[in-house]
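Engineer: My numbering applies: residue 177 is where the sequence shown begins, and numbers increase by one.
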Amino acid sequence: MSGGYTGRMGFVDLSTGEVREEQLDENLARDFIGGYGLGVRILYERQKGGVNPLGPENILGFTTGPLTGTPTPTGGRYMAVCKSPLTGGWGDANSGGYFGSELKSAGWDAIFLSGIAASPQYLVVTQEGLELKDASHVWGRDTIDTEDALRQDLGISKLRVACIGPASERLSLISGIVDDKGRIAARSGLGAVMGSKRLKAVAVHGKGKVAVANKERLDQLRKAFLKEFRESGGFPKLLRDYGTCGLTGGLVTSGATPIKNWLLAGDQAFPTVDK
């Protein structure tokens with residue numbers, strides 16, 4: 177594979193406990209770039225239409241893109257994808273922190289899980305392979321306690337964990353997948369899908385480095401982007417000053433932000449949004 181990819185995808189059937197590795201096709205990676213594109217294509221190819229989002233046939237994917245694990249801005253993010261139990265359509269969410277970079281440094285571009293485990297499980301991901309372990313002792317515990325417990329279980333202080341809490345275990349459709357004790361893949365009800373599979377966590381430890389085809393050129397582009405971002409007004413300045421909270425006014429005005437669970441929308445419903 178070219179730079180930015182490891183060329184490995186993992187597939188786990190939680191119903192049977194089977195784990196297997198597949199090679200990532202280079203043409204697929206080029207045609208469906210990024211964790212979002214890879215997730216869309218794999219689910220389109222391998223998942224039947226009309227499946228129950230909380231059933232065994234729904235595939236839950238943890239995916240990365242070619243920039244994941246590199247020093248580019250937002251290069252630490254990963255995607256979680258599946259059929260959404262909240263909408264019945266496509267579901268995706270992304271999260272920051274170290275989990276995505278760790279997945280890539282462990283030698284994997286993506287992990288896809290299907291089935292429903294007979295008892296709570298967590299998946300350990302390393303360069304050597306994939307292994308399911310019993311998670312009964314952390315089922316019912318919150319995400320902070322779970323992360324600490326799995327680090328202690330495996331004896332790895334820098335273990336990166338994406339896990340769910342009690343809300344997801346109870347299949348709350350607004351629950352997410354938490355990593356680094358506060359980062360969250362929050363949208364689409366993906367936490368409920370993970371809970372329906374009795375999958376408490378995905379724990380990753382990697383030691384490798386992400387291959388970059390042209391490090392010098394990547395560094396040039398990164399520096400140019402950061403310089404422009406620091407010096408530009410408008411949207412970049414909004415993000416610099418307020419973070420993503422600065423987008424609230426525009427989203428309300430455009431009608432893209434729900435007010436009272438979509439009963440209302442627009443700045444007439446929220447006239448003080450910019451105050």
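Even for Gly, the Cβ is constructed at its ideal location relative to N, Cα and C.
Bear in mind the structure is a predicted one, so any value in this text is a computation, not a measurement.
Should Gln396 go down as buried or exposed, given a rule of 16 or more other Cβ atoms within 10 Å for buried?
Structural biologist: Along the sequence shown, read from residue 1 onward, the residue named residue 396 stands at position 220. With fewer than 16 other Cβ atoms within 10 Å, it is exposed.
Engineer: Thinking Pro434 and Ala368 are a contact (beta carbons under 8 Å), I'd like their distance in whole angstroms, please.
Structural biologist: Reading the sequence shown from its first residue, position 258 is the one you call residue 434. Reading the sequence shown from its first residue, position 192 is the one you call residue 368. With a beta-carbon spacing of about 19 Å, Pro434 and Ala368 fall beyond the 8 Å limit used to define contacts.
Engineer: Enumerate in chain order the residues of its own chain whose CB-to-CB distance from Glu160 is below 6 Å, with the five nearest sequence positions on each side excluded.
Structural biologist: Within the shown structure, residues of the chain are numbered from 177 to 451, placing residue 160 beyond reach of any answer.
Engineer: Just grab the DSSP bridge partners of Cys258 for me.
Structural biologist: Translated into the one-based positions of the sequence shown, residue 258 becomes position 82. Gly267.
Engineer: Is the distance from the Cβ of Phe275 to the Cβ of Asp324 below 8 Å?
Structural biologist: As a first step, residue 275 is located in the sequence shown; it is residue number 99 there, counting from the start. As a first step, residue 324 is located in the sequence shown; it is residue number 148 there, counting from the start. Against a cut-off of 8 Å, the Cβ pair of Asp324 and Phe275 comes out as no contact.
Engineer: Taking just the CA atoms, how far does Gln297 sit from Lys376?
Structural biologist: Position 200 of the sequence shown, counted from the start, is the residue given in the question as residue 376. Position 121 of the sequence shown, counted from the start, is the residue given in the question as residue 297. One C-alpha to the other measures close to 6 Å.
Engineer: Let me see if you follow: with CB-CB separation under 8 Å, is Thr244 close to chain B or not?
Structural biologist: The structure shown contains no chain B; it holds only a single protein chain.
Engineer: Use the C-beta contact count for His313: other C-beta atoms within 10 angstroms, 16 or more gives buried, fewer gives exposed.
Structural biologist: Position 137 of the sequence shown, counted from the start, is the residue given in the question as residue 313. That one is exposed.
Engineer: Would the segment 283-303 count as touching the segment 178-198 if we require 3 or more Cβ pairs under 8 Å?
Structural biologist: yes
Engineer: Just tell me which of Glu307, Ala343 and Pro412 has its CA closest to the CA of Thr319.
Structural biologist: Within the sequence shown, the letter at position 143 stands for residue 319. Measuring from the Cα of Thr319, the nearest candidate turns out to be Ala343.
Engineer: Is it a yes or a no for the segment 376-387 touching the segment 334-342, going by three-plus beta-carbon pairs under 8 Å?
Structural biologist: Yes, the segment 376-387 touches the segment 334-342.
Engineer: By the 10 Å Cβ neighbour count, where 16 or more other Cβ atoms means buried, how is Ile350 classified, buried or exposed?
Structural biologist: Reading the sequence shown from its first residue, position 174 is the one you call residue 350. Counting Cβ neighbours within 10 Å, Ile350 comes out exposed, since fewer than 16 surround it.
Engineer: Closest by CA to Val388, which one among Gly241, Pro229, Ile218 and Glu221?
Structural biologist: As a first step, residue 388 must be located in the sequence shown, where it is residue number 212. Considering only alpha carbons, the answer is Gly241.
Engineer: Taking Cβ positions, are Ile332 and Val188 nearer each other than 8 Å?
Structural biologist: Position 156 of the sequence shown, counted from the start, is the residue given in the question as residue 332. Position 12 of the sequence shown, counted from the start, is the residue given in the question as residue 188. Contact: no.
Engineer: What's the gap between the Cα of Glu202 and the Cα of Thr448?
Structural biologist: To locate residue 202, count along the sequence shown from 1; it is residue 26. To locate residue 448, count along the sequence shown from 1; it is residue 272. Answer to the nearest angstrom: the Cα atoms are 50 Å apart.
Engineer: Please tell me whether, using a cut-off of 7 Å, the distance from the CB of Phe187 to the nearest non-hydrogen atom of the ligand GTP is below it.
Structural biologist: Of ligands this structure carries none, so the ligand GTP is not represented either.
Engineer: Roughly how many angstroms lie between the CA atoms of Gly341 and Gly215, to the nearest whole one?
Structural biologist: Position 165 of the sequence shown, counting from 1, holds the residue named residue 341. Position 39 of the sequence shown, counting from 1, holds the residue named residue 215. Straight-line Cα distance between these residues: approximately 24 Å.
Engineer: Would you give the residue range spanned by the alpha helix (DSSP H) that Tyr418 belongs to?
Structural biologist: Locating residue 418 in the sequence shown gives position 242, counting from the first residue. Run containing Tyr418: Phe411 to Tyr418, per the alpha helix (DSSP H) assignment.
Engineer: Are the beta-carbon atoms of Gly252 and Gly237 separated by less than 8 Å?
Structural biologist: Within the sequence shown, numbered from 1, the residue matching residue 252 stands at position 76. Within the sequence shown, numbered from 1, the residue matching residue 237 stands at position 61. It is not a contact, given that the beta carbons lie outside the stated cut-off.
Engineer: Check for me: the beta strand (DSSP E) holding Ile353 runs from which residue to which?
Structural biologist: As a position in the sequence shown, residue 353 is number 177, starting the count at 1. Segment Ile353 to Asp355, the beta strand (DSSP E) holding Ile353.
Engineer: Run the CB neighbour count on Cys421, radius 10 Å, all protein chains shown included, and call it buried at 16 or more, exposed below.
Structural biologist: Counting from one through the sequence shown, the residue named residue 421 turns up at place 245. Result: exposed.
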